[in-house]
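Everything below concerns the one structure shown next.
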Amino acid sequence: MNEAIKKMRSKALAFGVLGTGATIAGYFIAGQQQFFQSWLIGFLYVFAFACGGMGFLMIHHLAPGKWSLVLQRLHEAATRTFPLILILFIPVIMGMNDLYPWINPSAHNDHVLEEVMHHKGMYLNVHDFFLRAAIYFVIWMAFAALLSRWSRQQDASRDTAEAEKLALKMRMLSGIGLVIFGLAVTFASFDWAMSVEPKWYSTVYGAMLMMAQGVATLSLFAIIAFKLASSDKQYGSVIGAQQYHDIGNMMFAFLVLFTYLGTGELIILWSGNLPEEIEHYIIRMKDPWTQLIVGLTLLHFTLPFLIMLWKSNKRNPRRLSWIAAWLLVTSLFVYFWYLLPPLRPEPPYFHWMDFTAPIGLFGLWLFVFLGSLSKRPLLPQKDPRFPAVVAQLAGKSSGSEAVVSHG
Amino acid sequence: MSHSSPQSNVYALVAEYPTPEALLTAAEKVRDAGYKRVDALTPFPVHGIVEALGLPKSRMAALVFCAALFGAIGGFYLQVWLTTQQYPLTISGRPYFSWPNYIPVTFECMVLAAGLTAFFGMLIRNRLPRPYHPLFATRGIEASTTGKFMIVVESTDPKFDEKGTESFLRSTGAESVNAAPFDDFGRDQAADGAAK
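Chains as they are written, first to last, in the working numbering: chain A, -17 to 389; chain B, 671 to 866.
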């Protein structure tokens, strides 16, 4: 196993055990409601990487770009973590009654909720919730298994004709797959995240969450790619300033799109000012949620946006890693904004378990992810596009654009 | 200008390359040889040519950024002033200062200011429109818009020496090297120099 992966893996395990341990201890200290709320935050934070990996993998197969070849194996390893996501989903199911008010509408002393659930009950009911969750996981796991399997067959292919045939197969599946995958994530986000405020609805919710997942995934992979480049000679030889620049541009684009959708939602809901929609903002117009959204706007958008406007910050892998690490941290607060205000209407507060749960689950996920990553070669060398990437970097090695040195 | 030298007959030397890769390798050699007043002519944008030629970084980005900032602040302030000071109207009970509704116009003002600055700034800094340029008189120059990749070394470069530079350019893999004569104005000057 690669030295860098080994090191990261043991660190991830330590964080995972400590964070998850503290969260489970919190179950007995702070009570089960607190535990399930924090667990849901942690679950959604980690779920983002598996989804992001699958989305980018399909885009990578569908749009034959050369820039994402260095990330293909990271994406694939991320999609193979869906079984772990399923395990982490179990506590969410166990805590359903504490998390989702629609399960027992009459228990909340809210006749509007009862009236709304009278109509929404066709979709939001426990039976269908389980059925849909099962469908989502079958879809994700099936796509992950197929794409990883064909990719392994491509590694073992003997000639280019065979490799190209497999590439075409992956491309075809990704075409249809991207649509199905997108719908699955959208409805999963409705079921698991948006339904904590069942009276409210937003059609852009799923897309918004996907953009947030894209930012987090690319940030994580930018860091891991940099670590791999400095420890694995071959990996380092195919990733240069241009690749980091491309990854940085994608991070930038997803961050801007996420902000764009969130702002669009604000303008539309605020202008309409309809009772069933505006409640989303009314419950957030108090401390500390107002501070949270101001902080998110400045630190999760404005600051990274301005920093990433500079080309040199994206081409230098060390600086890009710092930006990525920053975005990974601020990404967590996005889930705070969407989930905590409806979960904790009165009194509003942050809890230490809101931090230990995501750290712990992220550690566990990273441990499994890195283990899966190290089982395959780090680069898809038999990919028909691969020689072009090598040639591109080799041709430039004499200029100032040379492969950046890693230290 | 340089009356002493007959080299002023030539505005520049133009070297022709068959592929973008050949152009990039040659450009790096030209840069490493110390030529400063250089340019490249290509039928489509070639990635990395600016760095390969060692051209100074464009200041347009900074200019456009300032314009964007100006446009955003100006657009936002315009709306604040209109809706709270100049002509306050109550619209479905909302406060006068309804900042979420200012966002689209603010954004558009930013894009407008940045776009116009980029467009006109580009024209001004490139001294365009320009009906005539000495390079147009070079033999085969039209090919730079269809299938050839060219490097231009101007005669005002301190390292320029017509014979030496020509053989140097050939050594970088140029298919041919052509001289761009001065336009009539420049030629007259050169003739003046020769007469004295």
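Glycine residues also receive a C-beta, built at the ideal position from the N, C-alpha and C atoms.
For residue j and residue i, believed in contact at Cβ under 8 Å, the rounded distance
i        : j        : result
A/Leu343 : A/Thr2   : 7 Å
B/Ala783 : B/Gly741 : 3 Å
B/Ala722 : B/Glu691 : So it is not a contact: roughly 11 Å between Cβ atoms.
A/Asp137 : A/Lys364 : 6 Å
A/Phe393 : A/Phe71  : Lying outside -17 to 389, the shown extent of chain A, residue 393 of chain A is not represented and no answer is given.
A/His262 : A/Glu179 : 7 Å
A/Ile23  : A/Asp336 : 6 Å
A/Pro83  : A/Trp21  : Not a contact, Cβ separation roughly 17 Å.
B/Asn848 : B/Arg809 : 5 Å
B/Tyr681 : B/Lys829 : That pair is no contact at about 16 Å.
A/Leu239 : A/Met193 : 5 Å
A/Asn91  : A/Ile85  : Their Cβ separation, rounded to whole angstroms, is 15 Å, which puts A/Asn91 and A/Ile85 out of contact at 8 Å.
A/Leu278 : A/Phe315 : 6 Å
Within-7 Å CB hit, residue i to chain A
i        : result
B/Pro770 : yes
B/Tyr687 : no
B/Ala865 : Interpretation of B/Ala865 is limited by its pLDDT of 45, a score under 50 that renders its predicted location unreliable; the figure taken from the coordinates is listed afterwards. No, its Cβ sits nowhere closer than 7 Å to a Cβ of chain A.
Same chain, Cβ closer than 8 Å to residue i, five either side skipped, listed in chain order
i        : result
A/Ala198 : Tyr27, Ala30, Phe31, Gly34, Leu309, Leu310 and Ser313
A/Gly244 : Met190
A/Pro362 : Leu51, Gln54, Arg55, Ser133, Gln136, Asp137 and Phe368
A/Gly230 : Ala204, Met290, Asn295, Lys296, Arg297, Leu302 and Ile305
A/Ile275 : Arg266 and Trp319
A/Leu200 : Gly34, Phe38, Ile229, Met232, Met233, Phe236 and Ala306
A/Ile117 : Ala166
A/Ile121 : Ile162, Phe163 and Ala166
C-beta neighbour in chain B for residue i, strict 7 Å
i        : result
A/Trp49  : no
A/Ile289 : no
A/Leu248 : yes
A/Trp252 : yes
Cβ-heavy atom distance, residue i to the ligand PLP, below 6 Å
i       : result
A/Leu56 : Ligands in the displayed structure: none, and consequently the ligand PLP is not present.
Own chain partners of residue i with C-beta closer than 6 Å, once the 5 adjacent residues on each side are dropped
i        : result
B/Thr842 : Ala696 and Lys699
A/Gly77  : Phe18
A/Ala127 : none
B/Arg814 : Looking at the sequence provided, one finds Ser at residue 814 of chain B rather than Arg. Excluding residues within five positions, the ones whose Cβ falls inside 6 Å are Leu711 and Met820.
A/Val186 : Leu243 and Glu247
A/Ala4   : Thr338
A/Phe119 : Leu68
Cβ shell of residue i (< 7 Å), same chain only, five flanking positions each side left out
i        : result
B/Ala738 : Met780, Ala783 and Ala784
A/Gly159 : Met40 and Phe125
A/Ser380 : Any reading at A/Ser380 must be qualified, since the residue scores a pLDDT of 37, below 50, and its modelled position is unreliable; the value itself is stated next. Cβ within range, chain order: n/a, list empty.
A/Ile221 : Val52, Ala207 and Ala211
A/Trp58  : In the sequence under discussion, the amino acid at residue 58 of chain A is Glu, which differs from the Trp named in the question. Closer than 7 Å at the Cβ level, and outside the excluded window around A/Glu58, lie Leu39, Leu129, Ser130 and Ser133.
A/Leu360 : Arg55, Leu210, Asp214 and Tyr217
A/Lys181 : Val94, Leu95, Val98, Glu258 and Glu261
B/Gly713 : Strictly speaking, residue 713 of chain B in this sequence is Pro, with Gly absent from that position. So the list reads Ser814, Thr815, Thr816 and Gly817, once near-sequence residues are dropped.
A/Thr63  : Ala32, Trp347, Val350, Phe351 and Ser354
Discussion item. Contact between the region 204 to 217 of chain A and the region 292 to 308 of chain A is defined here as three or more beta-carbon pairs at a separation below 8 Å; is this criterion met?
Written reply: yes
Fill in: Contact the region 58 to 76 of chain A vs the region 141 to 155 of chain A: 3+ CB pairs below 8 Å
no
Worksheet item: Using a Cβ cut-off of 9 Å, which residues of the region 745 to 762 of chain B contact any Cβ in chain A, in chain order?
Response: For the region 745 to 762 of chain B, the residues whose beta carbon sits under 9 Å from a beta carbon of chain A are, in order, Ser762.
Worksheet item: Taking Cβ-Cβ distances below 9 Å as the criterion, which residues of the region 718 to 749 of chain B are in contact with chain A?
Response: Gly718, Glu721, Ala722, Gly724, Ala731 and Phe735
Discussion item. Residues of the region 776 to 801 of chain B in Cβ contact with chain A at a cutoff of 8 Å, in chain order, please.
Written reply: none
Fill in: Any 3 or more C-beta pairs closer than 8 Å across the region 237 to 253 of chain A and the region 755 to 770 of chain B
yes
Worksheet item: In the region 80 to 94 of chain A, which residues sit with their C-beta less than 7 Å from some C-beta in chain B, listed in chain order?
Response: none
Discussion item. Can you confirm whether the region 224 to 239 of chain A touches the region 149 to 156 of chain A when touching is taken to mean that 3 or more C-beta pairs between the two stretches lie within less than 8 Å?
Written reply: Contact annotation: the region 149 to 156 of chain A does not touch the region 224 to 239 of chain A, with fewer than three C-beta pairs closer than 8 Å.
Worksheet entry | Contact list for the region 814 to 827 of chain B against chain A, Cβ threshold 9 Å | none
Fill in: Residues within the region 231 to 248 of chain A neighbouring chain B, beta-carbon criterion of under 8 Å
Answer in chain order: Thr245 and Leu248.
Practice prompt. For the region 255 to 281 of chain A, enumerate the residues whose C-beta is nearer than 9 Å to any C-beta of chain B, in chain order.
Written response: Listed by position along the chain: Asn255.
Worksheet item: Taking one C-beta from the region 814 to 827 of chain B and one from the region 702 to 716 of chain B each time, how about it: are there three or more such pairs within less than 8 Å?
Response: yes
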